[in-house]
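> Residue numbers (our numbering), protein chains in the order written: chain W, 518 to 936; chain A, 60 to 385. Glycine included, every Cβ here is placed at the ideal spot set by N, Cα and C.
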Amino acid sequence: MEMSGGSRLDPYVDRYAARTHGMTTSEIRALFAVANRPEIISMGGGSPFVSALPLDVLADMTAKIISERGAQALQYMGGQGDPRLRELICGVMALEGISASPDDVVVTVGSQQALDVVSRIFLDPGDVVIAEAPSYVGALGTFTQYQADVVHVTMDADGLVPEALREAIARLQREGRRAKFLYTVPNYHNPAGITLVESRRDEILEICAEAGLLVLEDNPYGLLGFDGPPLPALRSRVSEGVIYLGSFSKTFASGVRVGWVVAPPGVKEKIVMASEATTLCPVALSQYVVAEFLAHHPWQEQVKVFRELYRARRDACLEALSASFPAGSSWTNPSGGFYVWVTLPSGVDAKAMLPRAIQGRVAYVPGVGFYGDGQGVRNLRLSYSLPEPDRVREGVRRLAGVLADELEIVATFGGGSPS
Amino acid sequence: MSDLGHVLVLAGGASFEREVSLSSGRRVADALVNLGVEVELVDIDTHLLPRLVKDPPAAVFVAVHGLEGEDGALRDVLDLTGVPYVGATGSAARLAFDKAVAKAIVGRAGLHTPASVALRHAAFRDLGGTLLLDRVIERLGLPLVVKPARGGSALGVSVVRDASELPAAMVGCYSYDSTALLERHVTGVELAISVIDDGGSAGPAALPAVEIAAVNGVFDYAARYTAGMTEYHVPARLDPQIAAAAAAAAVTAHRALGLRDLSRTDLIVTRDGEIEYLETNVSPGMTATSLLPLAAAAADLDLGALCRDLLQRAAIRGLSVPGAPE
Numbered sequence: 518m519e520m521s522g523g524s525r526l527d528p529y530v531d532r533y534a535a536r537t538h539g540m541t542t543s544e545i546r547a548l549f550a551v552a553n554r555p556e557i558i559s560m561g562g563g564s565p566f567v568s569a570l571p572l573d574v575l576a577d578m579t580a581k582i583i584s585e586r587g588a589q590a591l592q593y594m595g596g597q598g599d600p601r602l603r604e605l606i607c608g609v610m611a612l613e614g615i616s617a618s619p620d621d622v623v624v625t626v627g628s629q630q631a632l633d634v635v636s637r638i639f640l641d642p643g644d645v646v647i648a649e650a651p652s653y654v655g656a657l658g659t660f661t662q663y664q665a666d667v668v669h670v671t672m673d674a675d676g677l678v679p680e681a682l683r684e685a686i687a688r689l690q691r692e693g694r695r696a697k698f699l700y701t702v703p704n705y706h707n708p709a710g711i712t713l714v715e716s717r718r719d720e721i722l723e724i725c726a727e728a729g730l731l732v733l734e735d736n737p738y739g740l741l742g743f744d745g746p747p748l749p750a751l752r753s754r755v756s757e758g759v760i761y762l763g764s765f766s767k768t769f770a771s772g773v774r775v776g777w778v779v780a781p782p783g784v785k786e787k788i789v790m791a792s793e794a795t796t797l798c799p800v801a802l803s804q805y806v807v808a809e810f811l812a813h814h815p816w817q818e819q820v821k822v823f824r825e826l827y828r829a830r831r832d833a834c835l836e837a838l839s840a841s842f843p844a845g846s847s848w849t850n851p852s853g854g855f856y857v858w859v860t861l862p863s864g865v866d867a868k869a870m871l872p873r874a875i876q877g878r879v880a881y882v883p884g885v886g887f888y889g890d891g892q893g894v895r896n897l898r899l900s901y902s903l904p905e906p907d908r909v910r911e912g913v914r915r916l917a918g919v920l921a922d923e924l925e926i927v928a929t930f931g932g933g934s935p936s
Numbered sequence: 060m061s062d063l064g065h066v067l068v069l070a071g072g073a074s075f076e077r078e079v080s081l082s083s084g085r086r087v088a089d090a091l092v093n094l095g096v097e098v099e100l101v102d103i104d105t106h107l108l109p110r111l112v113k114d115p116p117a118a119v120f121v122a123v124h125g126l127e128g129e130d131g132a133l134r135d136v137l138d139l140t141g142v143p144y145v146g147a148t149g150s151a152a153r154l155a156f157d158k159a160v161a162k163a164i165v166g167r168a169g170l171h172t173p174a175s176v177a178l179r180h181a182a183f184r185d186l187g188g189t190l191l192l193d194r195v196i197e198r199l200g201l202p203l204v205v206k207p208a209r210g211g212s213a214l215g216v217s218v219v220r221d222a223s224e225l226p227a228a229m230v231g232c233y234s235y236d237s238t239a240l241l242e243r244h245v246t247g248v249e250l251a252i253s254v255i256d257d258g259g260s261a262g263p264a265a266l267p268a269v270e271i272a273a274v275n276g277v278f279d280y281a282a283r284y285t286a287g288m289t290e291y292h293v294p295a296r297l298d299p300q301i302a303a304a305a306a307a308a309a310v311t312a313h314r315a316l317g318l319r320d321l322s323r324t325d326l327i328v329t330r331d332g333e334i335e336y337l338e339t340n341v342s343p344g345m346t347a348t349s350l351l352p353l354a355a356a357a358a359d360l361d362l363g364a365l366c367r368d369l370l371q372r373a374a375i376r377g378l379s380v381p382g383a384p385e
């Protein structure tokens, strides 16, 4: 075989759509492949601790579904999802103040698919999405695939800053660009671990309504708060102007891939059609399992188990950070969810430090991935959801050692100081 | 069916090239299965050693890349268990894997290699980082390449064009390895030349050179493992005399480093026709975008048959000197 004319090893290279241009493998992917090894404490992925589920109960439940209703559970179904599950989902959302009809709900294959279909029906290449700074990496990836530009808006300890949102909208208008929607994770933000305070919620909605900006409210963690009942969702305050994304990935099991979207009627119809074009219908068996769990198991007790478990891990993480991280570092104090957002001392690049961390047997996600514009160099996300509290402590302790070595190297080359 | 017996392909491990290695291992295993070889793909973890002891295979193909596969330790373990394997011994691999050491050895064997300096972090810490960097730039000039002394797949490698970029490149490099190799940046035709020693009287021989032209100009990790990002020419578009000299250089490196069975040497042919040695891999990539399989295909060699023959050779070696390290 001679290739003297040259080969790129991919005969289709000239046929791909423009949106695939950013789809390349990367050093970070290579590093994460190692992070899954058992000797490494991974505080990278936001995986729920599904081992806390009553697995025997779920096994019986699933077996019963297949033996009694297998002909339906293993068959196609309507693209909008199982009507019984949609009804139960309305009950789940009521806990966060949302009043919706099962007709408004579309079940999706995780809320990631909901992000995809919402992006597909709203985003043309060059459109703008406004998102918090930082923002969920999976959403940014979806927006990028639809060739949208992400404009980040500052958060502080109280969440998205209304004034910064106003300024971003005004700036875009001056530039003749109109954002299609605001993508926001108001509760226990991924990755920032911050919650939008009550006093800002109506204001954010008003700003968006005034600017004709849809709100895409992504709320997978809302029921996983450590300090009392959840704040009423944005969607609970208005029925128009908000598209709401919910998920059972964090409150039940990520592997069932069941999420949902609630949208105003016209939007909902398009979401159903776009969703059918992707998957025909959400996974019937998974929907039956979730519905059975919600209907016949004390699922709120299970969520309470998760809350307590994650609270202990959050505490372990924050204690270990306080005990071992150097001056010049700071971190958020999440009141729920899975994540602590860490800012490293000046001069430290979290992405450059990751190989050292993995050699030190601990993994995290570098901050730059949570921005579309190169910010986040000094940041990293720690997820405390999966490792047991002792492993969380050990993971942070290891990371502190790695950081000490990195700071020494940075100082050697005239980088920032830890103060 | 093959009469080789049960063989293992070792892949994965905990090195940064784990994913690449799993992909290499899968490709080698599939190619062997196609020839009827009884083969199993095995990850490197705590189960490996008990398994090698309890049920020793006829031979092992090491498709582990990076520190674990190429620094010699895994090969020493295989020697200790008496399991024969394809490729360099532990001691030879250890020398070849350290780019600074390998450059010195092949330099003594008469090959040109770009001027460089290898420095542990401690040297910078003890002698003053920025002052030492100034000296390095003075001596090597810009641009220069910063690479981890031990590592592969271009992980941690930066091309520094401006002195201001050097500190960040050093920090990034030291995250991968405690020793950085700072090397004068040489431009020209990038070549990867695989060398195979099939045990014949002619000794190790070079496969056709693969010429590498990264579409974005840099043959980094993404360019290596994303099909479409690099254009390969096999054989390389070289003057026949230069091609022959490059092939000879790869064989010289293989011999000088005391390697066995297979290796892949990366070279650059400068505009003046000078052949500059960069590094040699003792466990070359075997993925769909890797260079040795491209070269084998250009030579009309079946990858499976090549791997099977090397395993056969290793198995015979194992029989002749049971359990003894070479």
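Using beta-carbon positions only, say whether P781/W and G598/W come within less than 8 Å of one another.
Translated into positions along the first sequence, residue 781/W becomes position 264. Translated into positions along the first sequence, residue 598/W becomes position 81. In this structure, P781/W lies away from G598/W, with their beta-carbon atoms at least 8 Å apart.
> Please report the distance separating the alpha-carbon of G382/A from that of I375/A.
Within the second sequence, numbered from 1, the residue matching residue 382/A stands at position 323. Within the second sequence, numbered from 1, the residue matching residue 375/A stands at position 316. Residue confidence is low: G382/A scores 48 on pLDDT, short of 50, so the model does not pin down where it sits. No coordinate-derived value is stated.
> At the level of alpha carbons, what is the spacing between S521/W and D320/A?
Locating residue 521/W in the first sequence gives position 4, counting from the first residue. Locating residue 320/A in the second sequence gives position 261, counting from the first residue. Here S521/W scores only 48 on pLDDT, less than 50, and its place in the model is too uncertain to base an answer on.
> Tell me which residues of the region 837-862 of chain W have at least one Cβ-Cβ distance to chain A shorter than 7 Å, keeping chain order.
Residues of the region 837-862 of chain W with a Cβ closer than 7 Å to any Cβ of chain A: none.
> So, helix, strand or coil for R683/W, using DSSP?
One-based indexing of the first sequence puts residue 683/W at position 166. In this structure, R683/W counts as helix in the three-state DSSP scheme.
> Please identify the residue among K158/A, A161/A, A286/A whose C-alpha is closest to the C-alpha of P528/W.
Counting from 1 along the first sequence, the entry for residue 528/W is found at position 11. Of the candidates K158/A, A161/A, A286/A, the one whose C-alpha sits nearest the C-alpha of P528/W is A286/A.
> Where I638/W and Q662/W are concerned, what is the direct C-alpha to C-alpha distance, given to the nearest angstrom?
The sequence position of residue 638/W within the first sequence is 121, counting from 1. The sequence position of residue 662/W within the first sequence is 145, counting from 1. Near 13 Å, if we compare the C-alpha coordinates of Q662/W and I638/W.
> Short check: CB of G84/A to CB of A122/A, under 8 Å?
By one-based count along the second sequence, residue 84/A stands at place 25. By one-based count along the second sequence, residue 122/A stands at place 63. Cβ distance < 8 Å, so G84/A and A122/A count as in contact.
> Starting from Y856/W, follow its DSSP beta bridges and name the residues at the other end.
Counting from 1 along the first sequence, the entry for residue 856/W is found at position 339. Y856/W pairs with S900/W.
> What does V269/A pair with, by DSSP beta-bridge criteria?
Taking the second sequence and counting its residues from 1, the one referred to as residue 269/A is at position 210. In DSSP, V269/A forms a bridge with A251/A.
> Where A181/A and L192/A are concerned, what is the direct C-alpha to C-alpha distance, given to the nearest angstrom?
Residue 181/A sits at position 122 when you count from the first residue of the second sequence. Residue 192/A sits at position 133 when you count from the first residue of the second sequence. Rounded to the nearest angstrom, the two C-alpha atoms are 13 Å apart.
> Whose Cβ in chain W lies nearer than 8 Å to the Cβ of G247/A?
Numbered from 1 along the second sequence, position 188 holds the residue referred to as residue 247/A. Chain W residues near G247/A: none, gap ~17 Å exceeds 8 Å.
> Using the C-alpha atoms, what's the distance from H813/W back to T541/W?
In the first sequence, residue 541/W corresponds to position 24, counting from 1. In the first sequence, residue 813/W corresponds to position 296, counting from 1. Each residue's alpha carbon lies about 45 Å from the other.
> Given that L548/W touches chain A, what residues does it touch there, using C-beta distances under 8 Å?
Here residue 548/W is taken as the residue at index 31 of the first sequence, counted from 1. For L548/W, the residues of chain A that pass the 8 Å Cβ criterion are F75, in the order they occur in the chain.
> For a contact meaning CB atoms closer than 7 Å, what does M288/A contact in chain W?
Locating residue 288/A in the second sequence gives position 229, counting from the first residue. Neighbours of M288/A on chain W, chain order: T541.
> With which residues is N340/A paired in a DSSP beta bridge?
Here residue 340/A corresponds to residue number 281 of the second sequence, with the count starting at 1. Answer is R323/A.
> For D359/A and P703/W, what's the separation of their Cα atoms in angstroms?
Reading the second sequence from its first residue, position 300 is the one you call residue 359/A. Reading the first sequence from its first residue, position 186 is the one you call residue 703/W. Roughly 60 Å separates the two Cα atoms.
> According to DSSP, simplified to helix, strand and coil, what is T671/W?
Translated into positions along the first sequence, residue 671/W becomes position 154. Strand.
> When you compare the region 92-112 of chain A with the region 579-586 of chain W, are there three or more beta-carbon pairs, one atom per stretch, that lie closer than 8 Å?
no
> I need the straight-line Cα distance from E649/W to V624/W, nearest angstrom please.
Here residue 649/W corresponds to residue number 132 of the first sequence, with the count starting at 1. Here residue 624/W corresponds to residue number 107 of the first sequence, with the count starting at 1. Straight-line Cα distance between these residues: approximately 26 Å.
> Using a Cβ-Cβ distance cut-off of 8 Å, determine whether M870/W contacts chain A.
Here residue 870/W corresponds to residue number 353 of the first sequence, with the count starting at 1. M870/W counts as touching chain A.
> Quick check on A309/A: does DSSP put it in helix, strand or coil?
Locating residue 309/A in the second sequence gives position 250, counting from the first residue. Three-state DSSP puts A309/A in a helix.
> To the nearest angstrom, report how far apart R77/A and L240/A are at their CA atoms.
On the second sequence, residue 77/A is found 18 positions in, with the first residue counted as 1. On the second sequence, residue 240/A is found 181 positions in, with the first residue counted as 1. Taking the straight line from one Cα to the other gives about 23 Å.
> Quick one, are the C-beta atoms of A808/W and R601/W less than 8 Å apart?
Residue mapping note: residue 808/W aligns to position 291 of the first sequence, counting from 1. Residue mapping note: residue 601/W aligns to position 84 of the first sequence, counting from 1. Yes, the pair counts as a contact, with Cβ atoms nearer than the cut-off.
> I want to know whether the region 223-239 of chain A touches the region 255-264 of chain A - three or more CB-CB distances under 8 Å.
Taking 8 Å as the limit for Cβ pairs, the verdict is that the region 255-264 of chain A does not touch the region 223-239 of chain A.
> Relative to the C-alpha of L378/A, which candidate in I334/A, G71/A, L100/A, A117/A has its C-alpha closest?
Numbered from 1 along the second sequence, position 319 holds the residue referred to as residue 378/A. Checking every option, the nearest Cα to that of L378/A belongs to A117/A.
> Under 8 Å between the Cβ atoms of V245/A and P267/A?
Counting from 1 along the second sequence, the entry for residue 245/A is found at position 186. Counting from 1 along the second sequence, the entry for residue 267/A is found at position 208. No, the Cβ-Cβ distance between V245/A and P267/A is not below 8 Å.
> With DSSP as the reference, label S543/W as helix, strand or coil.
Locating residue 543/W in the first sequence gives position 26, counting from the first residue. Coil at S543/W, not helix or strand.
> Spell out a yes or no on whether the region 890-904 of chain W and the region 854-870 of chain W are touching, meaning 3 or more CB-CB pairs, one atom from each, closer than 8 Å.
Inter-segment contact for the region 890-904 of chain W and the region 854-870 of chain W is present: three or more beta-carbon pairs are separated by less than 8 Å.
> In the DSSP assignment, find the unbroken beta strand (DSSP E) run with R824/W in it and report its ends.
For the purposes of this step, residue 824/W is identified with residue 307 of the first sequence, where counting begins at 1. If you look at R824/W, you'll find it isn't in any beta strand (DSSP E); it sits in the alpha helix (DSSP H) that goes 816-841.
> Are the region 858-877 of chain W and the region 911-923 of chain W in contact at 8 Å, needing three or more beta carbon pairs?
The region 858-877 of chain W is in contact with the region 911-923 of chain W.
> Hey, G853/W and F743/W: beta-carbon distance below 8 Å or not?
As a working note, residue 853/W is residue 336 in the first sequence. As a working note, residue 743/W is residue 226 in the first sequence. F743/W is positioned such that its CB atom lies closer than 8 Å to that of G853/W.
> Which of the three DSSP states is assigned to P935/W in this structure?
For the purposes of this step, residue 935/W is identified with residue 418 of the first sequence, where counting begins at 1. Only weak support exists for where P935/W lies, its pLDDT of 36 falling under 50; the value from the coordinates is given anyway. Here P935/W sits in coil by DSSP.
> Going along chain A, which residues have a C-beta under 9 Å from S524/W?
Position 7 of the first sequence, counted from the start, is the residue given in the question as residue 524/W. Per Cβ cutoff of 9 Å: E290, Y291, H292, V293, L353.
> Establish whether the CB of L214/A and some CB of chain W are separated by less than 8 Å.
Working through the second sequence from its first residue, we reach residue 214/A at position 155. Judged by the 8 Å Cβ criterion, L214/A is in contact with chain W.
> Which chain W residues are close to G188/A, counting only those with a beta carbon under 7 Å from its beta carbon?
Counting from 1 along the second sequence, the entry for residue 188/A is found at position 129. Within 7 Å Cβ-Cβ: T929, F930, G931.
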